[in-house]
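Have a look at the structure below, then the notes.
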Amino acid sequence: MKSRAKYYFLMPGVIWVLLFTLFPLVYSLYLSMTDFRMGRDPSFIGLQNYAEILGLDGGGGDTKALETAGFTLFIVLGSTALTLFLGTFMAWIFNHDLPFLREMRAVITMPLFAAPVAVGFLGVVIFNETNGPINNIFQGLGMGRVNWFIEPWPARFAIMITDVWQWAPFVFIVVLAAMQGIPDDLYESARLDTKSNWVLFRKITLPMIAPALGTVFLLRLVETIKILDIPTTLTRGGPGSVTQSYAFYIREVGLRGSFQLGDASALSYLVLIVAIIISSIYFWRMRARYE
Amino acid sequence: MNVRTSRIVALLTILALLLSGVSAFAQDTFMGKTAAELFPIPDVAANEQEQQLAFQALLAAGLPDGTALGAGQTMTFGVLGQGSRGGISGTIYFWRNVFEAATGAEMEIVEVPYNELGTTIPADFLTGQYTYDAFIGAAWQYGDWVSNEWIQPIDQWIGDPRFPSWTPDDTAPAFRALLQWGGQTYGSQMDGDAQLLYYRQDILSDPEWQAAYEAEVGSPMPFPIRTWQDLLAITTFFNGKDWNEDGDPDDGISLHLAAGGQGHFHYATLAASFAVTPSAGDDARAVSKYDNVFWFDPDDMTPLINQPGHVRALEFLQELAATGQEAQFGWQLGEAWDNFLGGNAIATFSWGDVGSLSQNPDRSVITGNLGADVIPCSSEWYDRETGAFVTDTENPNCVGNTTGGSWHPTMSAFTDVPELTYYFMAMLANPVINFYNATTGWQGIDPCCTYQLYEPRGTAVSEDYTAVGFNADDMERYINSYGSNVYDKTTYLTYLRIPGTLEYIQETLDIRLSEAMTGQLSAQAALDATAADWEAVTDGLDRANQLAIYQAAIGYTPGG
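Here the protein sequences line up with chains A and B, keeping their order.
Mapping of the first sequence onto the numbering used here: position 219 corresponds to residue 432, and the numbering continues sequentially without gaps.
Mapping of the second sequence onto the numbering used here: position 528 corresponds to residue 572, and the numbering continues sequentially without gaps.
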C-alpha cells in the first residue's frame with residue numbers, strides 16, 4: 214500500500230507532462246513529417262518539409278524563413294544585449310542609497326506586468342510619426358521626424374526598443390537581487406586597494422552576479438527567439454515584411470491562409486532545435502564551471 | 045419598367061414609408077419595449093436623436109412577431125470585430141436588443157479581428173466546432189465558404205411573411221452578384237462596398253485656385269477630374285501648399301498604405317483602368333482570355349499581376365502617394381479618412397463611408413464641401429491582346445468597381461436554428477433598417493440598393509438624407525456618383541472569389557505592395573515577387589480546382 218501511494222501522488226504530474234508536454238511535442242514532430250493542411254488528410258512525407266525549408270531538396274530553400282530568421286537574430290542579439298546592459302545598469306544605480314528608491318523601483322518594474330500585446334499597441338501611439346511623443350521630442354530638439362513604421366530600419370529598431378523597454382525591468386529585478394546578496398565586507402576589503410567604482414564593479418560585482426546574468430541571458434535569449442506579440446501589434450510585420458519575426462512567419466504558415474500545419478511544425482522544430490542547442494551549451498558551460 | 049412607372053413605384057414607396065412613419069409616431073413600443081429599452085443611452089445609442097431615429101426606423105420596418113421561430117434559444121453571430129460602436133460589428137450590437145425582443149431568443153456576438161478573418165472562422169469549420177449560426181464576412185471569402193459547403197443558401201426563406209421583408213431585387217446588380225453563387229442566394233443585403241473619388245469641392249471649384257493652377261502649370265485645371273492623370277496633376281499642384289489656411293503645408297492626396305491593412309484595395313481600384321480592357325463585342329463585360337480579366341489568366345491561372353499594365357499602375361500609385369504625407373505608408377484606414385475629413389487633403393479615393401462620415405460634425409470639418417465622383421479612368425492602359433500600351437486622352441479606359449468586402453451575413457450550413465438566424469439576417473436587410481444604418485456613418489455600411497440611390501437608378505429622394513441632417517449638395521454628388529459607379533460603367537474590376545483569396549491578397553499582394561510603396565522593391569520586382577508567391581499558393585491549393593472555380597467565379601468559358 215505504501216509503495217503504491219507514491220505512484221498515486223506522482224500520477225497527476227505524469228499525466229500533465231504526458232498530455233501537455235510530451236503529446237504536443239510528439240504530435241507536432243509527426244505533423245512536421247506530413248503535408249498536413251487543416252481540412253485535408255495528411256500524407257507521411259518523411260523529412261521533405263525540412264529539406265524544402267533548408268534547400269536540401271535542390272530548391273532554393275524557404276527564403277522567407279531565412280529572412281524572418283535574420284530579423285529574429287537581429288532582435289535576439291540586440292534586445293538581449295540591451296536589456297542586459299540597461300537592466301544591470303539600473304540595478305547598479307538602485308543598489309546605492311538613493312531617495313525614493315522603493316517608489317522608483319516600483320515604477321521601473323511596471324512595464325514587466327503589461328501584456329506584450331498591450332505594449333505593442335502602446336508603441337503604436339508612442340512611435341506615431343505625426344503625433345507620437347518620441348517624434349515630438351525629436352522635433353522639439355530640432356531633429357527631424359523618424360518614420361518609425363515606414364522605413365525598414367526604424368521599424369526594426371522600434372520593435373527592439375519596445376521589447377527592451379518591457380524586459381529591461383526583468384533583468385533589473387534579478388540582477389538587483391543578486392547584487393544585494395553580495396556581502397558588504399567584500400567591498401569594504403576591496404576599497405582598501407582601490408576607490409574606483411568601475412574596478413569594484415568589474416572585479417567584485419560582475420563576477421558575483423555572473424550566474425544570475427547567465428540565467429537571465431539564457432531566458433531572454435530563448436524568449437526573444439519566440440517574439441511574436443510586439444511585431445504583430447506594433448508594425449504588423451511591415452513595412453512590407455521586414456519586421457516579420459520567425460514566430461510571426463510560423464503563425465502565417467500554420468494558422469492563416471491554407472493552414473499548412475505540416476510546414477509550420479517543421480519550422481517550429483527547427484527553432485526548437487536551435488533553442489535546445491543554445492540551452493545545452495549554456496548548461497554545459499555552467500556545469501563545467503561549478504563542478 | 046419605364047421611367048413613369050418607376051416614378052409611380054417610387055412615390056408609392058415613399059408614401060408607404062411616410063404612412064408607416066406616421067403610424068410609428070402613434071406607437072411608443074415595439075413588442076412591449078420602448079425606445080429607451082431597445083436603444084439605451086449610452087450602451088447602444090450615442091444620444092437621444094440616434095435613439096429616436098433608430099426607433100422610428102424600427103417601427104417603420106414593420107417587423108413580424110418572430111417568437112415562434114426560436115424563443116428561448118440562443119443564436120451565435122460572428123462578425124468582423126471593431127467593437128460595439130465600430131464599423132460592421134457595431135450594427136450587430138445596435139440591433140441585438142430588437143432581435144431579442146422580436147424573437148424572444150438571445151444573441152451571442154463573437155468578434156473576429158480583421159486580420160484573423162482568414163483564421164478564426166475557417167478554423168472553426170475545419171475543426172468541426174461549428175460555433176457560429178451566422179457570421180458577417182467579406183464577399184471575397186465565398187470561394188472558401190461555398191466550395192467547402194460551410195454556408196447554405198437562403199432562397200427558401202426570402203419573401204416568407206414570417207420574416208422581415210427584403211428582396212435581392214432592390215440590390216444593385218453589381219452588389220447582388222456578391223450575395224450569390226451558382227444562381228443561389230447565400231447572403232442577405234447589408235453593405236455595398238465600392239470606392240469613389242472624393243475631393244474638396246470648394247477648393248477645386250474656386251476660380252482663384254483655378255487661376256493659380258493655370259498660372260503655375262500652364263494649362264487649365266482639369267476639373268471635373270476624369271482621369272487618374274488629371275488627379276495626379278491636381279494633387280501635385282496642391283501638395284505642400286497651405287490651401288486650408290491653417291498655417292501649415294497641406295496634402296494633395298490621403299491614402300492608407302500600411303502593411304497588414306487595406307492598402308491593397310487602393311491598388312486594385314486604381315490598377316483596374318490600367319490593366320482591364322472591355323470586350324470589343326456587343327457585350328463590353330464579356331469575359332475572354334484578354335478582356336475583363338485582372339487577376340489570373342483564365343486558361344491556366346497564370347498570374348497577371350506582373351503584366352505591364354499592373355506595373356505601370358503601381359508606379360502611378362507611387363507617384364500619386366508622393367503627393368501626400370510620407371506617414372501615409374504607415375496609415376490604416378481611419379487615419380487616411382481623418383486626414384481628408386479633417387480638411388488636410390485635397391482628395392482621397394475610398395469607400396462610401398467617407399460620404400456619410402463627412403456629414404458627422406464630430407469627425408468632419410468638410411460638411412457642405414464634399415466633392416465626389418466615380419473612380420477616374422486612365423488615359424493610358426495596357427492591351428494584353430496586342431501586347432502594347434494604348435494612350436487615348438479623349439476616350440480613356442473607365443472601369444467600375446465593387447472593391448471591398450461588401451460585408452454581409454451568411455448562414456452556417458451547420459446551424460441548429462436556421463429560421464431564427466434568417467430572421468436576423470432579413471432584419472438587417474430590411475430596406476428601412478438598412479437605409480437608417482447606412483446614414484449613421486459610424487456603422488461602416490455603404491449604399492447598396494435602389495432605395496438608397498436617387499433617380500433614375502433608385503427611388504431615394506434628397507429629403508430622405510436631409511431628414512437625418514445630411515447636406516443636400518454633398519449627398520447629390522455622393523449618392524449620384526455611387527449610383528453611377530454601380531449602374532453606368534461599361535466594365536468592372538473582376539471580383540476575386542476563389543479559395544485562398546485572403547492568401548493571394550492579404551498575405552502576399554498586400555506585403556509586396558508595401559515593399560514597393562516604401563521603396564524596398566521596384567514596382568516590377570514587387571509584382572514579380574507577388575506573381576511567384578501566387579504560383580506557389582495556386583499549386584499548394586490544387587491548380588486544376590482553383591482554375592475551375594476561378595472560371596466559374598468570373599463567368600469564363602474556355603474556348604468560348
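No residue lacks a Cβ here, since even glycine has one placed at the ideal position from N, Cα and C.
(message) Distance cutoff 8 Å, beta carbons only. Does A167(B) sit that close to anything in chain A?
(response) The Cβ of A167(B) sits closer than 8 Å to at least one Cβ of chain A.
(request) Starting from T163(B), find everything on chain A with Cβ-Cβ shorter than 7 Å and list it in chain order. (result) Chain A residues near T163(B): L468, R469.
(message) I need the DSSP call for T435(B), collapsed to helix, strand or coil.
(response) Strand.
(request) Mind listing the chain A neighbours of I618(B)? Cutoff is C-beta to C-beta under 7 Å, in chain order. (result) Only positions 45 to 604 of chain B appear in the structure, and residue 618(B) is not among them; the question remains open.
(message) Between L325(A), N349(A), N360(A), which has its C-alpha nearest G300(A)'s C-alpha?
(response) Of L325(A), N349(A), N360(A), the residue nearest in Cα terms is L325(A).
(message) If I follow the unbroken alpha helix (DSSP H) through M356(A), where does it start and stop?
(response) From DSSP, M356(A) is part of no alpha helix (DSSP H); its letter is neither H nor E.
(request) Assuming L591(B) and R521(B) form a contact by the criterion Cβ under 8 Å, report the distance between their Cβ atoms to the nearest whole angstrom. (result) Separation of the CB atoms of L591(B) and R521(B) is rounded to 42 Å, and the pair is thereby denied contact status at 8 Å.
(request) Would you tell me roughly how many angstroms separate the C-alpha atoms of N348(A) and V359(A), rounded to the nearest one? (result) In a straight line, the C-alpha of N348(A) is about 6 Å away from that of V359(A).
(message) Would you call the stretch 304-322 of chain A in contact with the stretch 384-392 of chain A, where contact means no fewer than 3 C-beta pairs closer than 8 Å?
(response) With the cut-off at 8 Å, the stretch 304-322 of chain A and the stretch 384-392 of chain A touch.
(message) Could you compute how far the alpha carbon of Q93(B) sits from the alpha carbon of F514(B)?
(response) Their backbone Cα atoms lie some 14 Å apart in a straight line.
(request) Starting from M303(A), follow the alpha helix (DSSP H) in both directions and report where the run begins and ends. (result) For M303(A), the enclosing alpha helix (DSSP H) stretches over residues 276-307.
(request) Look up F99(B) in the DSSP assignment and say whether it is helix, strand or coil. (result) Helix.
(request) Below 7 Å between beta carbons is the criterion; list the residues of the stretch 251-280 of chain A that meet it against any residue of chain B, in chain order. (result) Listed in chain order, the positions of the stretch 251-280 of chain A with a beta carbon within less than 7 Å of a beta carbon of chain B are M251, G252.
(message) Looking at chain A, is there any beta carbon in it that lies within less than 8 Å of the beta carbon of G502(B)?
(response) Using a Cβ-Cβ cut-off of 8 Å, G502(B) does not count as an interface residue toward chain A, since no Cβ of chain A sits closer than that to its own.
(request) Mind reading off the beta-carbon distance from G187(B) to R541(B)? Whole number of angstroms is fine, and I expect it under 8 Å. (result) Indeed they touch by this definition, with Cβ atoms about 5 Å apart.
(message) Just verifying my parser: in three-state terms, what is the DSSP assignment at G307(B)?
(response) DSSP, read as helix, strand or coil, puts G307(B) in helix.
(message) For T538(B), tell me which candidate among S332(B), G412(B), Y480(B) has the shortest Cα-Cα distance.
(response) Residue S332(B) is the option with its Cα nearest to T538(B).
(request) Run the CB neighbour count on E379(B), radius 10 Å, all protein chains shown included, and call it buried at 16 or more, exposed below. (result) Taking all protein chains shown into account, E379(B) has 16 or more neighbouring C-beta atoms within 10 Å of its C-beta and is therefore buried.
(request) Please name the residues in the stretch 441-457 of chain A whose beta-carbon is closer than 8 Å to at least one beta-carbon of chain B, in chain order. (result) Of all residues in the stretch 441-457 of chain A, only T448, R449, G450, G451, P452, G453, S454, V455 come within less than 8 Å of chain B when Cβ atoms are compared, listed by chain position.
(message) Below 8 Å, how does it come out for the stretch 335-345 of chain A and the stretch 257-266 of chain A: are there three or more Cβ pairs, yes or no?
(response) Contact annotation: the stretch 335-345 of chain A does not touch the stretch 257-266 of chain A, with fewer than three C-beta pairs closer than 8 Å.
(message) On the criterion of 16 or more Cβ atoms from any shown chain inside 10 Å, does P237(A) qualify as buried, or is it exposed?
(response) So P237(A) ends up on the exposed side.
(request) Show which residues of chain B have a CB atom less than 8 Å away from the CB atom of N410(A). (result) Per Cβ cutoff of 8 Å: no residues; N410(A) is ~44 Å from chain B at best.
(message) With the cut-off set at 8 Å, would you say Y526(B) and L240(B) are in Cβ contact?
(response) Taking 8 Å as the cut-off, the beta carbon of Y526(B) is found closer than this to the beta carbon of L240(B).
(request) To the nearest angstrom, report how far apart G272(A) and A282(A) are at their CA atoms. (result) About 18 Å.
(message) I want to see whether chain A comes within less than 8 Å of T562(B), judged by CB atoms only; does it?
(response) Yes, its Cβ sits closer than 8 Å to a Cβ of chain A.
(request) Return the first residue and the last residue of the alpha helix (DSSP H) that F458(B) is part of. (result) Premise fails: F458(B) is in no alpha helix (DSSP H) and is neither H nor E.
(request) Examine chain A for any beta-carbon lying closer than 8 Å to the beta-carbon of I593(B), and answer yes or no. (result) At a cut-off of 8 Å between C-beta atoms, I593(B) does not count as an interface residue with respect to chain A.
(request) Can you give me, in chain order, the residues of the stretch 349-381 of chain A that have a beta carbon less than 8 Å from any beta carbon in chain B? (result) Against chain B - using a Cβ distance shorter than 8 Å - the residues of the stretch 349-381 of chain A are N360, W361, F362, I363, E364, P365.
(message) Considering only the alpha carbon of each residue, which of K277(A), W378(A), P312(A) lies closest to I339(A)?
(response) It is W378(A) whose Cα lies nearest to the Cα of I339(A).
(request) Could you list which residues in chain A have their beta carbon closer than 8 Å to that of L107(B), in chain order? (result) The contact set of L107(B) on chain A, defined by CB atoms closer than 8 Å, is empty, because the minimum CB distance reaches about 38 Å.
(message) If you reduce the DSSP assignment to three classes, tell me which class V330(A) lands in.
(response) In the structure shown, the three-state DSSP call for V330(A) is helix.
(request) Below 8 Å CB to CB, which residues in the same chain sit around S568(B) once its five sequence neighbours on both sides are set aside? (result) Before going on, a small fix: residue 568(B) reads as Gln here, not Ser. Excluding residues within five positions, the ones whose Cβ falls inside 8 Å are N350, V355.
(message) What are the residues in the stretch 336-347 of chain A lying within 7 Å of chain B by C-beta distance?
(response) Identification of residues in the stretch 336-347 of chain A having a C-beta nearer than 7 Å to some C-beta of chain B yields E342, T343, given in sequence order.
(request) Please name the residue, chosen from E429(B), W189(B), I247(B), V505(B), that lies closest to E289(B) on a Cα-to-Cα basis. (result) Looking from the CA of E289(B), the closest CA among E429(B), W189(B), I247(B), V505(B) belongs to I247(B).
(request) State buried or exposed for N441(B), treating a residue as buried only when at least 16 other CB atoms are found within 10 Å of its CB. (result) With 16 or more other Cβ atoms within 10 Å, it is buried.
(message) Using only CA atoms, which one of N478(B), F468(B), C493(B) lies nearest to L222(B)?
(response) If we check each option's Cα against that of L222(B), C493(B) comes out closest.
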